[in-house]
Amino acid sequence: MHRTVRTDGAAAPQNIIFALAQIDTCVGDLDGNAAKIMADCREAAKHGAHVVAFPEMTLTGYPIEDLAFRATFRRAAWKKADELATQLSNEGMGDLFVVVGTVGTAESGELPQNRLVVLHDGLVWAGYDKHFLPNYGVFDEFRIFEPGDRTLVMQIRGRRVGVAICEDIWQEGGPVGDMAEQGIDVLLTINGSPYEESKTHVRHDLCRRRAKEVNAPVIYVNQVGGQDDLVFDGASFVVAPDGTMLERSPQFVESLDYWTLPATSGYDGAALADSAVPLAPVMDPDEEVYRACVLGLKDYMSKNRFTSVTLGLSGGIDSALVATMAADACGGENVYGISMPSMYSSDGSKDDAADLARNIGARYEVQPIEPLFNAFQKQLGLDGVAAENLQARIRGVIVMASSNSRGALALATGNKSELACGYSTIYGDAVGGYAPIKDLLKTRVWELARWRNKHAEETGEVPPIPENSITKPPSAELRPGQKDSDSLPEYALLDKVLAAYIEKAHGRADLLADGFDEKTVDTVMRLVDRAEWKRRQYPLGPKVTALAFGRDRRLPVTSAFRE
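For the sequence shown, the tail end lands on 575 under the numbering used here, and the numbers increase by one without skipping.
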């Protein structure tokens, strides 16, 4: 079924100024989210906007996961929507059409619903419930929400404005097909679409198809900001039926942007050409991923009330990149870097750690671990891997002591390649509250480090990461002459196998058919399969690839299947 809501008395078609409010919300912060909504509405009203569109689940934050099941939370969210409508009217903005996302209760009473509401004239004027629920990757909405069963078209200033919520436009038919049959002047979709590499062009292509389907422009408003292990990149846009990009908002920052639907009846390229506005520049792919990791860390800190971070600085590439990201997220003066040399640490590594700290303006201290190691050894007398792991665990204790004493967020510095193969010490270098490069393969770490240094040079700054940290062979330095390649295939090969095994879900036969040699395949599969228990205990980190460890990939810890 479909529903048309007449929201004003205008008969002749008039132009509509849309404000695309790309904001960063926090799950559960109803007051804070509402305050951001009001601030953007005030600004949009000054600009003469008629419609202000916010992202999916704006009022509640997104994703709310099992908070949706709490009746007290749903009631508080609905009450806040009513208060917002009243406040808008009291401040003289009742004529605005404010589109916000929130949580609603289904008429059946079985499950809540992911709902879009329109605030207008002091009332929660109209509602629309998401039709299609995502249940793949990081999403688990079949368990949380009940799908809607209506198509909503609003008449505003003599124009027919269709609305949709995120997943609804990703499905063939459904509400978009219904609106195409009814005829609309513009399709507005509000979204909570997480970032991942190469996803931006996928959204653009999708909305070009939908714009052609409804023969009208599509307005895509997306959330921005970090929420636990997800990062939302914003990048809202407007696209014409002929594929022309009419508006594009920046990535990874809050932004309030405007686009005007002209008072014309045709929507060919010529009719809409004059409505185009300057487009935000497209980011370099390396910068995109880097900014995503920084924003994920920055928002995790601010939303959990951390003002500083602490981490071990080994002189290696991983800790150097994490420390640089941390400095970009919260300022170098709020980064506590700890060098923890052992009897096996090279002078070069110690110098690289000190140089990195100086370059980013971090607070730096040296805590040698040899005296502590010797004290343990007097009682334990360990050798081999046990002695190596003891060194890592001593360092973990020091980092956590720094975290506890300073109230700083402890950062784990492991990358995706190490995490995949279990090449880390549980309760040692794996300790921490957040892992900024958790979803970056080692080869990607090097690429981002080079990008960050190049960016510094281009902006007249000192490149933060010492060149030696990038070029020297990686080593945990837990025994004389140790290199990562003693335990793992070379990273250039390893990462290709990992990408196929993890992201493409290729089995042993598939990997051999891909051209990888049998010894490498068997080694990598064994390492990855045996490390699942470690990954379950690893800190959160920002998802930037199509398949990150965690909610994207759920495999049993105990499994005998090896093919």
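We put the beta carbon where it would ideally sit given N, CA and C, even for glycine.
Judged by DSSP secondary structure, Leu164 falls within the beta strand (DSSP E) whose first and last residues are 163-168. Annotation: Phe66 to Pro297 spans about 27 Å, alpha carbon to alpha carbon. Within the stretch 63-139, the runs of alpha helix (DSSP H) at least 4 residues long that lie entirely inside it are, in chain order, 83-102. Annotation note: the stretch 245-290 contains the following uninterrupted alpha helix (DSSP H) runs of length 4 or greater, listed N- to C-terminal: 281-285. When DSSP states are grouped into helix, strand and coil, Gly174 belongs to the strand group. Around the beta carbon of Gly419, a 10 Å sphere encloses fewer than 16 other beta carbons of the protein chains shown; the residue is thus reported as exposed.
Cβ-Cβ separation between Val250 and Glu259: approximately 4 Å, consistent with a contact (criterion under 8 Å). Residue environment for His59: exposed (fewer than 16 other C-beta atoms within 10 angstroms of its C-beta).
In this chain, the beta strand (DSSP E) harbouring Val378 covers 375-378.
Of all C-beta pairs linking the stretch 513-532 to the stretch 545-552, fewer than three are shorter than 8 Å, placing the two stretches out of contact. Nearest neighbour of Ala332 by Cα position, chosen from Ile406, Asn126, Val347, turns out to be Val347. Taking the C-beta atoms as reference points, Arg127 is found nearer than 7 Å to Gly116. Here His213 is exposed: its Cβ has fewer than 16 other Cβ atoms, across all protein chains shown, within 10 Å. Boundaries of the alpha helix (DSSP H) harbouring Val301: 297-315, taken from the DSSP string. Assignment of beta-bridge partners to Gly562 by DSSP yields Arg565. The count of Cβ pairs closer than 8 Å, one atom from the stretch 194-207 and one from the stretch 168-181, reaches three, so the stretches are in contact. For the 7 Å CB-CB criterion, Pro229 and Val198 form a contact. If you look at Val409, you'll find it in the alpha helix (DSSP H) that goes 396-418. Cα atoms of Ser499 and Ile35: separation of roughly 45 Å, rounded to the nearest angstrom. About 6 Å separates the beta carbon of Leu108 from that of Cys53, a gap short enough to meet the 8 Å contact definition.
When only Cα atoms are considered, Phe244 and Lys211 end up about 11 Å apart. Residue burial is scored here from C-beta neighbours: Thr483 has fewer than 16 other C-beta atoms within 10 angstroms and is therefore classed as exposed. The criterion of a C-beta distance shorter than 7 Å is not satisfied by Ala374 and Val540. Taken through DSSP and simplified to helix, strand or coil, Gly186 comes out as helix. Counting along the chain, the unbroken beta strand (DSSP E) around Thr322 starts and ends at 321-324. The shortest C-alpha to C-alpha distance from Val188 to any of Ser205, Met352, Arg220 is the one to Arg220. Between Pro476 and Asn371 the beta-carbon gap is near 5 Å, inside 8 Å, which marks them as a contact.
Where Val233 is concerned, there is no enclosing alpha helix (DSSP H), although the beta strand (DSSP E) around it starts and stops at 230-234. Here the alpha carbons of Glu575 and Cys38 stand approximately 43 Å from one another. For Asp141, the secondary structure class from DSSP, reduced to helix, strand or coil, is strand.
For Gly349, the pairing in a beta bridge is given by DSSP as Leu323, Tyr376. Per the C-alpha coordinates, the member of Ala398, Val409, Pro478 positioned closest to Ala365 is Pro478. Beta-bridge pairing by DSSP links Ile28 to Leu273. In this structure, the CA atom of Ala341 is about 12 Å from the CA atom of Gly238. Annotation: the continuous alpha helix (DSSP H) that includes Asn45 extends over 42-58. The alpha-carbon of Gly343 is positioned some 32 Å away from that of Met355.
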